[in-house]
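Straight run, no breaks: the sequence shown in our numbering ends on number 1628.
All residues carry an ideal CB built from backbone N, CA and C; glycine is no exception.
Only a predicted model underlies this, so the values are computations on that prediction, with no experimental measurement involved.
To keep things clear, I will list the structure first and then write my remarks on it.
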Amino acid sequence: MNKDIKQSIDSIPVPFQKLDAAIQKGLKASQKQSTPKRKKVMTLLLSSVATIGLVIGSGFISPTMASVLAKVPILDSIFTSVGDKGLQIAINDENATSLNETLTSNGVSLTIQDVLYDGSRLAFSFVQDKQEEIYPLHIEVNGEVINFSENMTGEYLQNGHYSGLIQVRPTKPLPNEFDLSVTIHQIGKTKGNWQFETPVIKTNNNSINLTTGQTGKIEGISFEVKKFESTNSAVSLHILYEGTVEEIFNEHQLLQLHLLDQEGTPLPLIDSSGSGDEEGMLYEYVFEPLSKEVSDLTISPFFMPLPKERKEITATLEENELPLTLSQGEMGDIVVTKIEEEKGKSALYFESTSSFLFGSNFEMNQLSVVDTDGNDLIAERGYPTAIGQNKYKLYYNKPKASQDIILKTIEIPNMKLNQEAQITVKVPR
1200 MNKDIKQSID SIPVPFQKLD AAIQKGLKAS QKQSTPKRKK VMTLLLSSVA
1250 TIGLVIGSGF ISPTMASVLA KVPILDSIFT SVGDKGLQIA INDENATSLN
1300 ETLTSNGVSL TIQDVLYDGS RLAFSFVQDK QEEIYPLHIE VNGEVINFSE
1350 NMTGEYLQNG HYSGLIQVRP TKPLPNEFDL SVTIHQIGKT KGNWQFETPV
1400 IKTNNNSINL TTGQTGKIEG ISFEVKKFES TNSAVSLHIL YEGTVEEIFN
1450 EHQLLQLHLL DQEGTPLPLI DSSGSGDEEG MLYEYVFEPL SKEVSDLTIS
1500 PFFMPLPKER KEITATLEEN ELPLTLSQGE MGDIVVTKIE EEKGKSALYF
1550 ESTSSFLFGS NFEMNQLSVV DTDGNDLIAE RGYPTAIGQN KYKLYYNKPK
1600 ASQDIILKTI EIPNMKLNQE AQITVKVPR
């Protein structure tokens, strides 16, 4: 499996315009002159919140990304509420590195704050005077260039500076201890050489191997569990699918996966990426760490049909006329149940009547809030968050007095989980 898949993927006529920006695709790779095997990495995010993510450089943002900046007092109040409980745990580990090193090249400065490696991802935080794109990254571990996918996200501080987080997912496991060297070749429009080096020790993550080697089949595509590990900071699941690129990723449907607890509730997905060739693809999923209440985990792959045509559903939101129903066809309804004022913003509570369970951020579905002119009203970090099975709330800003509040969604194709393809394991305690 050593053939570059970029050409194969680019040739597939995926109707992105029909997905309302809910599907984002990126190809990430390090800049090494001699091309190693399986260099190209595809990052796939399917979520309603993908439409409101921030793109920095070539990275795609998952709104569930948290920050490793919790150690920095000025940033603590901003990033500890973003999500990703795993990094919030890992940053407090004694092996996390507080670097606080300012890099300057051609008059542009960047301060690297904290660095950590939790066994599944390498993360480092940074502060800029203003937000500028950071690209590309050149990363070496013990002097060897590594291949990786990356995600970047960030936020403005009250003092006007910009703080951010870069998460790097190596295509191969890193040692428990290593010397890290990171070089940035361009920030914004300025080319230069920003480099930092530091020793890194993997955080104490209390790794538990859940299972490996189990096999299954989903609509004719065989798959095998190559890695299934639970740690303090994440759950890592690697699945090798033995289908072609066209079977797994095409214009008609996309292969997706839920990781369900014993109640059938999907675990929050932090990120997913994949690499492969015409014979098969290895997908790597990262989920939030397990709570003590989780006793069973079910791997549940399924196909998400892509809409043949876009059918938009809109409704005007009136607080005194709730509940408000937006029909999504055979996938049930979105029902807005109440609106409350919280922390100076409006909290909109809604639920889906579908028997299909959506994810912690309403993944694979979408609900947008706009004003009469089409301006997005969803507040910063106000994307949908689960408060129960298929029950959510989101925060939005009030429009101008002359503007109405418009809710928008689309009619989506029917989705269902394939129980015959599921693999269930007990969580050792």
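Per DSSP, the beta-bridge partners of Tyr1594 are Ala1546. Counted as a single uninterrupted DSSP element, the alpha helix (DSSP H) harbouring Gln1287 occupies residues 1284–1289.
Counting along the chain, Val1535 sits inside the beta strand (DSSP E) bounded by residues 1532–1541.
For Glu1300, the enclosing beta strand (DSSP E) stretches over residues 1296–1304.
Note that the C-beta distance between Asn1403 and Asp1313 is not below 8 Å. With respect to the 8 Å criterion, Pro1506 and Pro1612 are classified as neighbours on the basis of their beta carbons. Shown here, Gly1528 sits in a helix according to DSSP, grouped into three states.
Between Pro1372 and the set Pro1335, Asp1317, Asn1392, Ile1333, the nearest pair of CA atoms involves Asp1317. If you check the CB distance, Ser1348 and Ser1494 do not come in under 8 Å. Taking every protein chain shown into account, the CB of Gln1455 has 16 or more other CB atoms within 10 angstroms, so this residue is buried.
Cβ-Cβ distances below 6 Å link Glu1396 to Ser1380 in the same chain, with the five nearest sequence neighbours on each side left out; the list follows chain order. At the C-beta level, Leu1439 and Met1503 stay beyond 8 Å of one another. Restricting attention to Leu1315, Leu1321, Thr1296, Phe1325, the CA atom closest to the CA of Ser1308 is found in Phe1325. Of the candidates His1360, Glu1445, Thr1296, Thr1296 places its Cα closest to the Cα of Lys1401. Per DSSP, Glu1511 lies in no alpha helix (DSSP H); the unbroken beta strand (DSSP E) holding it starts and ends at 1511–1515. Boundaries of the alpha helix (DSSP H) around Val1444: 1444–1447. Apart from sequence neighbours up to five positions away, the residues of its chain that approach Glu1376 with a beta-carbon distance below 6 Å are Ile1400, ordered along the chain. Counting along the chain, the unbroken beta strand (DSSP E) around Ile1438 starts and ends at 1434–1440. Each residue's CA atom was taken as its position, placing Asp1532 and Gly1573 some 23 Å apart. Annotated as proximal: Ile1447 and Ile1420, with beta-carbon spacing under 8 Å. Between the alpha carbons of Asp1603 and Ser1559 lies a distance of about 28 Å. When rounded, the separation of the alpha-carbon atoms in Lys1510 and Gln1565 is 13 Å. In the structure shown, Ala1322 falls within a strand segment according to DSSP collapsed to helix, strand and coil.
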